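Down below is the structure, laid out as structure tokens.
Chains as they are written, first to last, in my numbering: chain A, 457 to 939; chain B, 4 to 607.
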């Protein structure tokens, strides 16, 4: 499918969807659920005392339509228009709409958890909109690379827009830390599939900023990420984003890829440092000397042999994390807290009874007051609930542990696999003749386009003579490899 | 790789006038400082106010506790209002600081970014590629370091997982086999007290430890009570004493004590009286129970907050109130534990009474509609209140009290509720059998007599079941049923040959215990809500308006006495230690064979 048609298709889908949506959902309007009583006095019930309107399903479909439209537009801006300015404007829109207006939910970053939860929990029906939120950017990545990251994801948009003075992260650091997003993805899927919780959402650093509300810890973490984003290009996207790990894999096989030059690469190296995210790779020739090849082949061989060992080791370790992982579930944490307090203080004064109440009645008929500070708290109420429901909570904890033992093995194996494959890929050379973005790492931000003289020539910003002066048109790198 | 020929630079952005540049730099600095200041202020406000929760203020809690003891202290009320307002104002101020600070920070951050980008554009460094012939060597070095870093990340991840798994400690057993045993023990519950700590069955049977007596069948055989007495003057009574709190629960007798409870929406209390003199031995308020609803539920006055009769296991007394508060005291009045089972959703208010078995307290907590699945049968450890097991019940709200009995080699808990008669094993709550025989509002309580489980479906049928079945025994274990003269409120009482019931409009009926056939009926002519008691061959029936009748029963009925107490009776009498204790709406009195002059026990 041609790129233009692909982008147009996405836009049409979005437009058609939006046009087909009903008007403001009547079901979404607030209403008085029960008629107010007839007051005999002159009391007038204040207006607006209604139950909040439910979030209409039509809004979720509207969000999906906007997502499809934005993906289509981003694809066109990245590959056809090649406009950094357009991508920046779309980033602003995405940040405002998906971030501050929709408060970052539903978002594709957390959607893998919903999918995992839906696959392993029969009682949960995965909403169609959530499934499409999960699939749409991945499908687009299979064709057009990380167009979602380019200007549609609000997390990436925020980090991208605040970038001021990027500091180059050494390539070895970037490649060495590459397993982290996969580990985060694995952990999130593990906990979601077993019903413990949605880890990725709980530890999302930007959603509290979008909502301007959250725990002190998460707001602080979000602030740190924003400050870091001013100097390190998109730190969350590059080193943590679990959905980015999936997009990276899809982009590796994408049909269309980002090219810095619109025509041929003249090896002028003007784009070398234009990417603030370290995604541009320089030309690299394959070694021919046996002295170089032999040890690399031996290392690769050992790593391939070690790969299944790493997977097995990880799986074995993973089966043993059921106890701490189960504690992330609020009911299990409550049960353990209750049992710990009951074990530590078996003879403590029972809740609800003060010392004065324990004394014989000096004046029968008079209720004894409770001591200072007495009174139920959310903590004590939770413990009372735990006490009443101990068998049910214990059975739930046992079931969670059983699921986590099996799933932990898979997660541990995943950790071993990710680590092993990373070591293997770092031992395999990829030949390149041109300066080109790494398919998986390129976030399609469009900053590299204008650094290429051929691009400037295409846009009419410079004359052919100026373009020729900028580059000396050296012979192709492949021809020079044997010299 | 050859060095590219770079003969010209790419055109740079136009340089701004110096004064504009200085202004932008100054604005940039101001924005940065403003961001920093706002962040510091927000963090400082958070740190200083993190413990100032108006809901958790110890100062306010202390004042409220004082108010309980001094409910008429207007100055204290004003002090509480003032402090509450001050705390709320402060909390609202903190929220406003957060809100305004967030917007200021957002604005300053946007200005910082925009100005920073402008500054960056003016001072952008143009690309100056330098000769770098060592691409391959740099690649080898980079990948080597990357492999080491990736290996370190992986090792760290595996080490962290390993450390988590080794260091995590949980009171819940990790080993699956141990967990199963622990769960089974939790559900079955090891008895916290040894048999030697608890009263023996003979002592239990000699007292009146629960609603309708130790077996749920309100019958004593070896007692001769006075037939005539006057509540107003006290003639013929051992004692009488006024009651300080309202309640429809029936009194208990254990050893030398009479126990009952009373209360309303504002306060609920447990009382203990001396059996010999009627003097108040102690009373305890049940307040500040964890989980107790802040607003008590709406309960009809016809039920009240103290409709459930207490229970005792001979070591502790237990009381349950209509807001879900459940409390335990020693026989001397020392509090042991208290908890809240959740305010029951009951249209008439909770009235099912408590039952004990050995060291356990059994609570039938039926509520709402069956489909809401809120009804439960709880077994709690009497010494600690710990829930040993709980079973959901497929029934809605009901008001009958369960009965514990031995049959078919098991100790069973027989319950009535909704459409079902259900029996559970007392050890772990496992359902033994059920029969679909009920309809309507289940109020009369069952009992077990001469090998038969006797129950009533109000206004519908009186029935007897063989309690030795399993599963659904509706069609297989019904011995007999009768639809004649079936009461709707009071519970039946039986001797060795007959079952006696009293209908609300004042008709006493007698059925054959073996066949269910109606033997006779006797009109009393007054309304009855209290279950009758059988003392030897005498049936004592108390009316809602104060009338009382004593019948000699058996194959035929003969009225022996009829009195007017002057005060309505809704509670059933307690019979033990040679006396009968009766609770009217205002008075507690004791009848015995001793006809010494009555003494009114004045409240100290």
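A virtual CB, placed ideally from N, CA and C, is assigned to each residue, including glycine. Quick caveat: nothing in here was measured; it's all calculated off a predicted structure.
{"Query": "Around the C-beta of residue 501 of chain A, are 16 or more other C-beta atoms found within 10 angstroms, so that it is buried, or is it exposed?", "Result": "exposed"}
{"Query": "In whole angstroms, give me the CA-to-CA distance for residue 36 of chain B and residue 27 of chain B.", "Result": "14 Å"}
{"Query": "Can you name the residues of chain B whose CB is closer than 7 Å to the CB of residue 911 of chain A?", "Result": "Correct list: empty, because the minimum Cβ distance to chain B is about 12 Å."}
{"Query": "Looking only at DSSP bridge pairs, what is residue 485 of chain B linked to?", "Result": "B:465"}
{"Query": "Measuring only between beta-carbons, confirm whether residue 167 of chain B sits less than 8 Å from chain A.", "Result": "yes"}
{"Query": "Tell me, please, which residues DSSP counts as bridged to residue 579 of chain B.", "Result": "B:582"}
{"Query": "For chain B, check one thing: does any of its Cβ atoms lie closer than 8 Å to the Cβ of residue 631 of chain A?", "Result": "yes"}
{"Query": "Could you tell me whether any Cβ in chain B is nearer than 8 Å to the Cβ of residue 855 of chain A?", "Result": "no"}
{"Query": "Classify residue 253 of chain B as buried or exposed, calling it buried when 16 or more other Cβ atoms lie within 10 Å of its own Cβ.", "Result": "buried"}
{"Query": "Rounded to whole angstroms, what is the Cα-Cα separation between residue 593 of chain B and residue 570 of chain B?", "Result": "15 Å"}
{"Query": "May I ask which residues mark the beginning and end of the alpha helix (DSSP H) holding residue 165 of chain B?", "Result": "138–170"}
{"Query": "Which parts of the segment 491–528 of chain B are runs of the beta strand (DSSP E), unbroken and 3 residues or longer, counting only runs that do not cross its ends?", "Result": "501–506, 510–515, 521–526"}
{"Query": "For residue 917 of chain A, I'd like the list of residues in its chain whose CB is within less than 7 Å of its CB, leaving aside the five on either flank, ordered along the chain.", "Result": "none"}
{"Query": "What does DSSP give as the partner residue(s) for residue 277 of chain B in the beta ladder?", "Result": "B:260"}
{"Query": "Classify residue 561 of chain B as buried or exposed, calling it buried when 16 or more other Cβ atoms lie within 10 Å of its own Cβ.", "Result": "exposed"}
{"Query": "Leaving aside the five residues before and after residue 284 of chain B along the sequence, list all residues of the same chain whose C-beta is less than 7 Å from its C-beta, in chain order.", "Result": "260, 275, 276, 277"}
{"Query": "Starting from residue 243 of chain B, trace the beta strand (DSSP E) in both directions and tell me its first and last residue.", "Result": "242–245"}
{"Query": "State the Cα-Cα distance for the pair residue 521 of chain B and residue 487 of chain B, rounded to the nearest angstrom.", "Result": "7 Å"}
{"Query": "Is there at least one Cβ from chain A nearer than 8 Å to residue 78 of chain B's Cβ?", "Result": "no"}
{"Query": "Is residue 356 of chain B closer than 8 Å to residue 315 of chain B when the C-beta atoms are compared?", "Result": "no"}
{"Query": "For the beta strand (DSSP E) holding residue 519 of chain A, just list the boundary residues, first then last.", "Result": "First-last for residue 519 of chain A: 513–532, but that is the alpha helix (DSSP H), not the beta strand (DSSP E)."}
{"Query": "Does chain B have any CB closer than 8 Å to the CB of residue 780 of chain A?", "Result": "yes"}
{"Query": "Are the CB atoms of residue 341 of chain B and residue 273 of chain B nearer to each other than 8 Å?", "Result": "no"}
{"Query": "Alpha carbon to alpha carbon, how far is residue 887 of chain A from residue 740 of chain A?", "Result": "5 Å"}
{"Query": "Count the other C-beta atoms from every protein chain shown that fall within 10 angstroms of the C-beta of residue 365 of chain B, then say buried if there are 16 or more, exposed otherwise.", "Result": "buried"}
{"Query": "Considering only residues of the segment 693–757 of chain A, which uninterrupted alpha helix (DSSP H) runs meet the minimum length of 4 residues and lie entirely inside it, listed in chain order?", "Result": "698–708"}
{"Query": "What does residue 381 of chain B pair with, by DSSP beta-bridge criteria?", "Result": "B:366, B:393"}
{"Query": "Name the chain B residues that come within less than 7 Å of residue 550 of chain A, Cβ to Cβ?", "Result": "None at all; the shortest Cβ gap to chain B is about 16 Å."}
{"Query": "Assuming residue 103 of chain B is part of the alpha helix (DSSP H), what are its boundary residues?", "Result": "77–125"}
{"Query": "Have a look at A:676, A:615, A:587 and flag the residue whose alpha-carbon is nearest the alpha-carbon of residue 562 of chain A.", "Result": "A:587"}
{"Query": "Does the segment 523–538 of chain B touch the segment 217–237 of chain B, meaning 3 or more C-beta pairs lie closer than 8 Å?", "Result": "yes"}
{"Query": "So is residue 96 of chain B buried or exposed if we call it buried at 16+ other beta carbons inside 10 Å?", "Result": "exposed"}
{"Query": "Please state whether DSSP places residue 611 of chain A in a helix, a strand or coil.", "Result": "helix"}
{"Query": "How big is the Cα-Cα spacing for residue 733 of chain A and residue 860 of chain A?", "Result": "37 Å"}
{"Query": "Alpha carbon to alpha carbon, what distance is there between residue 81 of chain B and residue 90 of chain B?", "Result": "14 Å"}
{"Query": "Just checking: is the beta-carbon of residue 437 of chain B within a distance shorter than 8 Å of some beta-carbon in chain A?", "Result": "no"}
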